[in-house]
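Going down the list, the protein sequences come from chains A and B.
230 is the number that the numbering used here gives to position 16 of the first sequence; each next residue is one higher, with no gaps.
38 is the number that the numbering used here gives to position 35 of the second sequence; each next residue is one higher, with no gaps.
The beta carbon of each residue, even a glycine, is placed where N, CA and C say it ideally should be.
The structure displayed is predicted, hence computed values, not measured ones.
This report concerns only the one structure given below.
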Amino acid sequence: MSMKVAVLEGGRSLERGVSLRTGGRVKDALERLGHEAISLDADTSLISNLRAHKPDVAFIALHGRDGEDGTVQQILDLLGIPHTGSDAGASARTADKSIAKRRLVAAGLPTPDFFVLDDTAVRDLAAVQLVPEIGERLGWPMIIKPALQGSALGLTLVRGEADVPAALLSALSYDSRILFERHVEGRDLAVTVLIGPEGAEALPAVEAIPEGDRYDFEARYEIGATRFECPANLTADQEGQAANLAVRAVEALECSGFPRVDLILAENGEMTILEVDTVPGLTQTSLVPLACGAKGIDFDSLIAKMLELAVGG
Amino acid sequence: MTSSAMRDLMSITERPEVISLAGGLPDTSTFPRDSYAALMSKIAANELANALQYGPTEGLAIARDCIRFVMEAEGVKVDPDDVIVTTGGQQVLDLVCKILIDPGDVIVAEGPTYPGAVSAFTSYQARVEQIQMDEHGMNPDALRERLAELDREGARPKFLYLIPNFQNPSGVTLSEARRREILEIAREREILILEDNPYGLLRYEDDPIPTILEMDGGESVIYLGTFSKILSPGIRLGWVTAPRPVLEKINLAKQAADLCASSLAQHFVAGYIMGGGWPEYMASLRRLYRDRRDAMLDALETELPVETTWTKPSGGLFIWATLPDYIDTTDLLARALRENLAFVPGRAAWVDGQGGSSIRLNFSGSDEARIREGVRRLGLIVGEQVDLYGTMTGKPPRREAGPYLPLEGGRVVPISPQRRAAGGEGS
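Below you can see the structure in the form of structure tokens.
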């Protein structure tokens, strides 16, 4: 059945560039699948455009603020337009890492220990005085990052107390809420979960391997500095554990569609959940298409499946 | 902060609601419409077939003669036969690398330097070594030291890349004495100098300083000029003059790259510049940009907390501001974008991660009202971070509480010397 699909892309997010690349690929795939696709930038004309075009379904290709935090999902709900991915509530609680991690902990799932501060606490309660206690609990080095930013933006690996103020300034440039998080060294795994009417199914894990002989923290986020292995070179036990954790994480957060769960396999063999992305990138180099490929699902079939899940087919 | 993250940030600076002090744009809205229309009709009536045709690789005679005229305005006499017209100044950077650089070769540049040059250099896998500038430009002693270090490594730089006038991004001008000294060093060591001079004619005060090309007399300087800032970047025309053997190689490389620069653009430029209206247009540009620069300097003085310093360029398009070292300006850009303000984070101007507390501000591309509003927003977010840092460290900011009042005396200071980033430039 041919549908009129609005591809929501761009927006004010700091990940606008990635979003436009995802949106472009999605639009091409939708057209190959015989649908009518309209690209809509998430700006001040979005709502009037949605009213004018009256799409059958919206494909959300937005990353970061507005696109992943439930804002756009809520707007589409109000306008009665079904959309891909998680609903507004799941989007909001997953995008804010402080809320998501509390949920995971409540569900008995492993995630690196953390401590949350709002800018008001920093300002009005002089909460930085807590850094020695935070350090004692989480250990050094630790991560400081904004609660709402999905990519590596605003994230610092902090080696000692003296580096905390500058790292907080960086993180607070992106969001008014920040996380201190225990730093877990290990292998980076990403597991895409397909959530259908029959339940959640984990696709093969992808491993991000930084190039070069030294573990370089920033290399993980630099194009060309990381290579991906799919499926990841894991034992059957580890593969099973990754799949199990990923499925339980998206269930705890009540996500839908094709979320991606980022895990760390620590040197001691323990596996822990870093974060969940409800609108993962679908660019040429993104991990979700890679995982689908390993499962024999090509890009067009992935898009068709996401659409089918959105309209409840 | 990684360079891909920075690219993502920069991709949203172009939205219309953003006051962008990030670009390097001249204000093309000032170009007289009727001059353009009259000139293009004249070309259509008299020279259309030629203007639509291929031209010689080195450029049309009329364009090269016009370049001779423009160079005279810079105080340099050149023979039009020693000039190649290029597709913008950027092409010169590319062609020079193409003929001179093998992977791993060293290019010595100012620190900070023009990010677009670094892209051109690194695309030929050159290793870029930057020498920290002060208020008079690159320090010859620091240059000697670095060259000696490179000697010990067995690395001989292929060329020295300099933007002597109102440098991008710092706004700093290389002093006459240093120009001579650096030229001397280059000659002694038989290293070429690539002199990039896009802004020389945009001087708002003081007397011009001779170009290194003029001091050299054509032995060891490759000189790059462009019409981008003195007429239009949209016409994509620049030029190069160089010692003969180098120029011949550039000619061959250009032939392979794009045969020739746009004939239509060359007719337009030659027609306009030789038509008599150009000096007046330049005078109007200088007035306009000088007033905008003054507006920005004035606003910086009023709005920025005392912990901030900036350069005071006597020409060009840019001011380089340095914030307290605990502020990361790439992250600050994310904060600024929430206030619809954009600037270039300083790290873009270094290859090794330095410059993290500096920003480049452009004053030519926005009118005075937007410049003032942009700097006001900058003052607010920098002030916010200074306050927050003060709260966190228990060290109150040095300024008085309340609005950022003008301080007695200028706070215009040289580019602050910066520590080399730990672990930045390894072996």
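**Request:** Would you mind sorting residue 258(A) into buried or exposed? The rule is 16 or more other CB atoms within 10 Å of its CB.
**Result:** exposed
**Asked** Given a threshold of 16 other Cβ atoms within 10 Å of its Cβ, counted over all protein chains shown, does residue 518(A) qualify as buried or as exposed?
**Response** By the neighbour-count rule (16 or more Cβ atoms within 10 Å), residue 518(A) is buried.
**Prompt:** If you compare alpha carbons, which of 38(B), 64(B), 312(B) and 43(B) is closest to residue 242(B)?
**Reply:** 64(B)
**Item:** Range covered by the alpha helix (DSSP H) that runs through residue 281(B)
**Value:** Note, residue 281(B): alpha helix (DSSP H), 281-306.
**Message:** Below 7 Å on C-beta distance, what does residue 379(A) contact in chain B?
**Reply:** 329, 392, 395 and 396
**Message:** Just to make sure I have the definition right: I need the residues of chain B whose C-beta is within less than 8 Å of the C-beta of residue 336(A). Which are they?
**Reply:** 391, 394 and 395
**Asked** Three-state secondary structure (DSSP) at residue 424(A)?
**Response** strand
**Asked** Whose CA, out of 317(B), 86(B), 39(B) and 77(B), lies closest to the CA of residue 206(B)?
**Response** A check of alpha carbon separations from residue 206(B) across 317(B), 86(B), 39(B) and 77(B) identifies 317(B) as the nearest.
**Asked** For the segment 341-356 of chain A against the segment 479-487 of chain A, are there 3 or more C-beta pairs whose distance is under 8 Å?
**Response** no
**Asked** For chain C, is any of its Cβ atoms less than 9 Å away from the one on residue 334(B)?
**Response** Protein chains A and B are contained in the structure displayed, whereas chain C is not.
**Asked** Name the DSSP bridge partner or partners of residue 441(A)?
**Response** 423(A)
**Item:** Cα-Cα separation, residue 409(A) to residue 470(A)
**Value:** Each residue's CA atom was taken as its position, placing residue 409(A) and residue 470(A) some 6 Å apart.
**Message:** For the pair the segment 368-377 of chain A and the segment 351-360 of chain A, tell me if three or more CB-CB distances fall below 8 Å.
**Reply:** yes
**Asked** Which ranges does the beta strand (DSSP E) cover as unbroken runs of at least 3 residues, wholly within the segment 103-187 of chain B, from first to last along the chain?
**Response** 109-114, 130-137 and 162-165
**Prompt:** Does the distance from the CB of residue 337(B) to the CB of residue 117(B) come in under 9 Å?
**Reply:** no
**Request:** Would you mind listing the alpha helix (DSSP H) stretches within the segment 191-278 of chain B that are 4+ residues and don't spill past its ends, in chain order?
**Result:** Segments of the alpha helix (DSSP H) lying fully in the segment 191-278 of chain B: 215-219, 247-261 and 266-277.
**Asked** Would residue 273(B) be called buried (16 or more neighbouring beta carbons within 10 Å of its own) or exposed?
**Response** That one is buried.
**Item:** Cβ shell of residue 467(A) (< 7 Å), same chain only, five flanking positions each side left out
**Value:** 304, 307, 308, 314, 317 and 490
**Message:** My assumption, with CB atoms under 8 Å, is that residue 120(B) sits in contact with residue 96(B). Please give the rounded CB distance.
**Reply:** 5 Å
**Rounded straight-line distance, which links the Cα of residue 251(A) to that of residue 111(B)** = 50 Å
**Request:** Return the first residue and the last residue of the alpha helix (DSSP H) that residue 310(B) is part of.
**Result:** Neither: residue 310(B) is in no alpha helix (DSSP H) and is coded neither H nor E.
**Asked** The beta strand (DSSP E) spanning residue 370(A) covers which residue range?
**Response** 370-372
**Message:** Let me check understanding here. Comparing Cα to Cα, which of 341(B), 301(B), 296(B) and 252(B) lies closest to residue 174(B)?
**Reply:** 296(B)
**Request:** Using 10 angstroms around the beta-carbon of residue 232(B), count the other beta-carbons present and answer buried if the total reaches 16, otherwise exposed.
**Result:** buried
**Message:** Using 8 Å as the cut-off, can you tell me whether the segment 77-85 of chain B makes contact with the segment 122-135 of chain B, which would need three or more C-beta pairs spanning the two stretches below that distance?
**Reply:** No: fewer than three Cβ pairs fall under 8 Å.
**Request:** Pull up the distance between the alpha-carbon of residue 151(B) and that of residue 349(A), whole angstroms please.
**Result:** In this structure, the straight-line span from the alpha carbon of residue 151(B) to that of residue 349(A) is close to 45 Å.
**Asked** Using a beta-carbon distance below 9 Å, is residue 139(B) in contact with chain A?
**Response** no
**Message:** Restricting to Cα atoms, I'd like to know which of 197(B), 202(B) and 249(B) is closest to residue 165(B).
**Reply:** 197(B)
**Message:** Residues of chain A with CB closer than 9 Å to the CB of residue 388(B), please, in chain order.
**Reply:** Correct list: 383, 386 and 387.
**Asked** Does residue 338(B) get closer than 9 Å to chain A when you measure Cβ to Cβ?
**Response** yes
**Message:** Give me the chain B residues within the contact set of residue 256(A), using Cβ-Cβ distance strictly less than 9 Å, ordered along the chain.
**Reply:** Residues of chain B passing the Cβ test: none, with the nearest at roughly 12 Å.
**Item:** Interface residues of chain B facing residue 368(A) [CB-CB closer than 8 Å]
**Value:** What residue 368(A) touches in chain B: 334 and 337.
**Asked** Interface residues of chain B around residue 342(A) at Cβ under 7 Å?
**Response** Within chain B, the residues near residue 342(A) are 395.
**Message:** Could you give the first and the last residue of the continuous alpha helix (DSSP H) run that contains residue 43(B)?
**Reply:** Run containing residue 43(B): 36-49, per the alpha helix (DSSP H) assignment.
**Prompt:** Rounded to whole angstroms, how far is the Cβ of residue 353(A) from the Cβ of residue 478(A), which I believe are closer than 8 Å?
**Reply:** The pair is not a contact, with the Cβ atoms about 15 Å apart (cut-off 8 Å).
**Request:** Consult DSSP for residue 359(A) and reduce its assignment to one of helix, strand or coil.
**Result:** strand
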